[in-house]
Amino acid sequence: MSTKTLALIHTSATLVPVFQQLCAEHLPGVQVFNIVDDSLVRTINREGSLTPAVARRVVGYVNSAEEGGADYVLVTCSSIGAAVEQAAGLSGVPVLRVDQPMADQAVQTGRRIGVIATLPTTLGPTADLVQRRAARAGQEIELTSVLCEGAFEALISGNGVQHDAIVSAALKELVTKVDVIVLAQASMGRVVDALDAADRVVPILASPGIAIQHLASQLV
1 MSTKTLALIH
11 TSATLVPVFQ
21 QLCAEHLPGV
31 QVFNIVDDSL
41 VRTINREGSL
51 TPAVARRVVG
61 YVNSAEEGGA
71 DYVLVTCSSI
81 GAAVEQAAGL
91 SGVPVLRVDQ
101 PMADQAVQTG
111 RRIGVIATLP
121 TTLGPTADLV
131 QRRAARAGQE
141 IELTSVLCEG
151 AFEALISGNG
161 VQHDAIVSAA
171 LKELVTKVDV
181 IVLAQASMGR
191 VVDALDAADR
201 VVPILASPGI
211 AIQHLASQLV
């Protein structure tokens with residue numbers, strides 16, 4: 001059987017080691033290569049939304065991944081999810097947005113779903129995806145979206161402690177209102193790991209591990 005190749009497209013270099021570890025764990029027989037461009041999210045944040053120019057670049061990266069020999073492409077950023085879905089329609093190989101398996105799992109887990117993010121440009125696309133995956137599954141859901149004001153700014157100015165404190169406080173409040181929580185950004189996962197068990201009374205889902213486990217079932 002020939003070795004499968006997975007391309008990972010990232011908008012932050014910090015995600016490369018995160019996915020490297022997950023792939024080593026769950027996809028040991030799969031070759032992996034990375035494409036990284038952190039200007040994509042900077043552009044989205046500056047413009048306030050996913051622009052057609054950014055979408056074209058995402059499609060271009062997916063094409064490059066396919067030309068690079070990928071049998072499967074995973075895009076690890078939620079903010080460019082809509083462009084990933086466009087790219088999937090134009091690609092000759094399967095293309096997955098990182099948060100889709102997580103959204104599907106949330107819809108299967110409970111009716112009251114919380115979505116939490118530190119960026120409005122990530123919160124909107126993730127909440128929209130959860131709504132669409134619920135409709136596709138024929139599930140009625142009640143969605144609560146929470147933006148952690150100031151957390152992203154703290155993180156990029158080097159104040160990780162303040163970021164974690166803001167996200168942690170928002171999570172503690174949200175767990176009391178919903179059946180399951182979706183993290184719109186993988187970077188928030190470390191805050192969940194630091195929460196006391198008493199503050200994790202509902203499942204809190206992060207996309208990287210769920211996406212890679214989903215791929216493990218696809219790339220056999």
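For the sequence shown, the positions run 1 to 220 when the UniProt record's numbering is used. For glycine and all other residues, C-beta sits at the position ideal for the given N, C-alpha and C.
* To do: Take Q139 and list the residues in its own chain whose beta-carbon comes closer than 7 Å to its own, dropping the five residues that flank it on each side.
  => V107
* Cutoff 8 Å; reference V130; Cβ partners in own chain excluding five residues on either side -> A103, A106, V107, I113, V115, I141, L143, V182
* In angstroms with no decimal places, state the Cα-to-Cα distance between I44 and A82. => 12 Å
* Asked: Over what stretch of residues does the alpha helix (DSSP H) that includes L171 continue unbroken?
  -> 160–174
* **Coil, strand or helix - L15 by DSSP** => helix
* Asked: Using DSSP with H/G/I as helix, E/B as strand and the rest coil, what is E140?
  -> coil
* **Residues sharing a beta bridge with V115, DSSP** => S145, V182
* Ends of the beta strand (DSSP E) at L96? -> 95–97
* Residues near residue 224 by beta carbon distance below 6 Å, same chain, minus five either side -> Only positions 1 to 220 of the chain appear in the structure, and residue 224 is not among them; the question remains open.
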